Amino acid sequence: MLSSGKFVNRFMLIIYMLTFLVLGLFFIPKFNPISISPVKEVLQDGKSIGIVINSLSFPFPAGLDENHNPYLDYIKKNVGFNVRVELPPVPSYEKMIDTIISMEQNHPDMININSPIQFAKFVTQNKLQPLDHWIDAYGADLKRLIPEELWNRVRYNGSIYAIPSGQLVKANEVIYIRKDWLDKLNLPIPVTLEDYKAAIKAFSEGDPDGNGKRDTYGFTMMKDLYHSSPLFGAFGVQLNQWTEREGKLVYGNVLPEMKEALSFLAELYRQGWIDPDFPIYRSNVMNEKIIEGKVGMFSGAWYDSRGVIAQSLKKDPQANWITIDYPIGKKGKQGVGALNPVFGYQVVPKGSSHAREVIQFLNFIAGKGRTSIVLGFHNQVWDWKDGKIVSKFNEHDKHLYRGMYSALVNVDKRWLLRARNDSYGKKFRLNDNIDKIEKNVVQDAYGGPPLLPW
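See the structure below:
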């Protein structure tokens, strides 16, 4: 077993690593160029575009792939030209995009970028085309549906260099807690940060699963402190956010309150109340711990009630998971950090001669094609029942891959999001979770385009 000193040292090492990451003091290792297959497949009329996008790890059913499926066929039929899709591997996606953008020829016509830093880098390197003319001429729905706040985040020196895809919600995390564990240990629902600390301790030391072993943890999270935003909110700060102090923008990571928040987490870690292996966890490992009944509280995504929580209940029907309010700190602070309002950046490399078609493609996804691409095809994936949308889950799950296309231009059609969420079943309380989040969002005070860390 690790000593207390080693616990602290290990945790603080993670904190130092995180600090270097968030301040941008890191290097990107060089790698060998990879072979990119041709992305253009010309139709009889010669109109064709090649795009490189992130699969978001969506699977395809047998017999279908990114270039042969009914949703891409639907898009191609409506825009009137061929679209050839390339899906780099998700784990190396960002590096692959660096390689693709550096090629001297065979540029794709559109690239989906997820990293704001990578987007900013390509703009400053003069690798991308300004899109204002094409948006004005062929992007009526893009102009109508994308708010100015998002356009401001892709505009450099007065020119737009990407079509921004927005977030579906303003923030992501809610607190889930095992109510059955609280009841067994005679604990109230926690309200303040100190209440949270007491519950986390009890879940770790009080044998809430009744097996006579100390093998449970009060809280877990992921590498780089992902899934901890509400705990920072109790101190009035958020990782990697800018805040306003005395009329000036200040980076939250260097504020005294950040040090207090990290010290709080270090204490939980030192006491053994947080799963000690969290610094190496990805979402699948974190979820396994929750499903196996080893964790009593976590800060999860608003849709986890339909995911890992549902899987936990399947494993243990007695597991009573509820969502609770965010912890209130000593100074009355409370909240959850806002997501970057831009989910992704759709850019046109300098080497492409098909900016018009790219804008037409994205304009269709944002506008006339939005409902079918988001919900799935009417009568196949969903239907109306008593005036409400009802999803057919087998077909819905079979065609989840359509999400990689819809995510290229997320626009705020709130009725569509809420209708889709309710179609999955109101027992999951998806819209309630979103409402809880959006009442407590801590916004980033910086609203301009991404800044390079060097």
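Numbering (numbering that gives the first Met the number 0) for the sequence shown: 0 to 453.
For every residue, glycine included, the Cβ atom is placed at its ideal position computed from N, Cα and C.
Computed from a prediction, not measured in an experiment: that's the story for all the values here.
Check, Outcome
"Straight-line gap, Lys-222 to Pro-275 (C-alpha atoms, nearest Å)", "11 Å"
"Cβ-Cβ distance between Pro-90 and Ala-233 below 8 Å", "no"
"Limits of the unbroken beta strand (DSSP E) element including Gln-310", "Note, Gln-310: premise wrong, no beta strand (DSSP E); alpha helix (DSSP H) at 307–314."
"DSSP three-state assignment for Ser-203, whether helix, strand or coil", "helix"
"Chain-order list of residues whose beta-carbon lies under 6 Å from that of Met-220 (same chain, five-residue window excluded)", "His-226, Ser-227, Phe-277"
"Segment contact, 8 Å Cβ cut-off, at least three pairs: the stretch 433–445 with the stretch 332–342", "yes"
"Strand pairing of Asn-252, partner residues [DSSP]", "Its beta-bridge partners do not exist; DSSP assigns none."
"Burial state of Phe-392, where buried means 16 or more other Cβ atoms lie within 10 Å", "exposed"
"Where the beta strand (DSSP E) containing Asn-409 begins and where it ends", "No beta strand (DSSP E) contains Asn-409, which DSSP labels as neither H nor E."
"Separation of Ile-372 from Tyr-404, as counted between CA atoms", "7 Å"
"Check whether Glu-148 and Gly-446 have beta carbons under 8 Å apart", "yes"
"Collapsed DSSP secondary structure at Asp-64 in the structure displayed", "strand"
"Whole-Å CB distance - Ser-47 paired with Asn-81, under 8 Å assumed", "4 Å"
"Alpha-carbon spacing of Gln-478 relative to Tyr-137, whole angstroms", "As displayed, the chain neither begins before 0 nor continues past 453, which places residue 478 out of reach and without an answer."
"Beta-carbon proximity list for Leu-86, same chain, < 7 Å, skipping 5 on both sides", "Ile-52, Ser-54, Glu-65"
"Same chain, Cβ closer than 6 Å to Val-294, five either side skipped, listed in chain order", "Tyr-216, Thr-219, Lys-288"
"Lys-76 versus Lys-397, Pro-448, Phe-363, Leu-451, residue with shortest Cα-Cα distance", "Phe-363"
"Member of Gln-379, Lys-397, Lys-329, Leu-416 whose CA lies at the smallest distance from the CA of Gly-62", "Lys-397"
"Own chain partners of Tyr-302 with C-beta closer than 7 Å, once the 5 adjacent residues on each side are dropped", "Leu-429"
"Same chain, Cβ closer than 7 Å to Leu-312, neighbours up to 5 away in sequence not counted", "Ala-318"
"Buried versus exposed, by CB contacts within 10 Å (16 or more), Ile-112", "buried"
"Own chain residues within Cβ distance below 8 Å of Val-389, not counting five before or after", "Trp-381, Asp-382, Trp-383, Ser-422"
"Where the beta strand (DSSP E) containing Phe-297 begins and where it ends", "296–300"
"Segment contact, 8 Å Cβ cut-off, at least three pairs: the stretch 346–361 with the stretch 90–109", "yes"
"DSSP bridge partner residues for Tyr-344 (one or two, in chain order)", "Ile-112, Pro-163"
"Heavy atom of the ligand NAP within 7 Å of Pro-316 beta-carbon", "As for the ligand NAP, it is missing from this structure, which has no ligand bound."
"8 Å contact criterion, which Met-296 and Phe-427 should meet: CB distance rounded", "Actually they are not in contact, since the Cβ atoms of Met-296 and Phe-427 sit about 19 Å apart, beyond 8 Å."
"Three-state class that DSSP yields for Lys-384 in the structure shown", "strand"
"Beta-bridge partners of Ala-444, as assigned by DSSP", "Answer by DSSP bridge pairing: none, since Ala-444 is not bridged."
"Among Pro-187, Pro-146, Glu-356, nearest to Gly-79 - alpha-carbon criterion", "Glu-356"
"Through-space distance from Leu-184 to Asp-214, alpha-carbon basis", "16 Å"
"Length at least 4, wholly inside the stretch 204–240: the alpha helix (DSSP H) runs in chain order", "228–232"
"Proximity of Phe-342 and Ser-164 at Cβ, strictly below 8 Å", "yes"
"Cutoff 7 Å; reference Met-257; Cβ partners in own chain excluding five residues on either side", "Val-236, Gly-251"
"Leu-407 to Leu-167 span [Cα, whole Å]", "12 Å"
"With 16 other Cβ atoms within 10 Å as the buried cut-off, status of Lys-387", "exposed"
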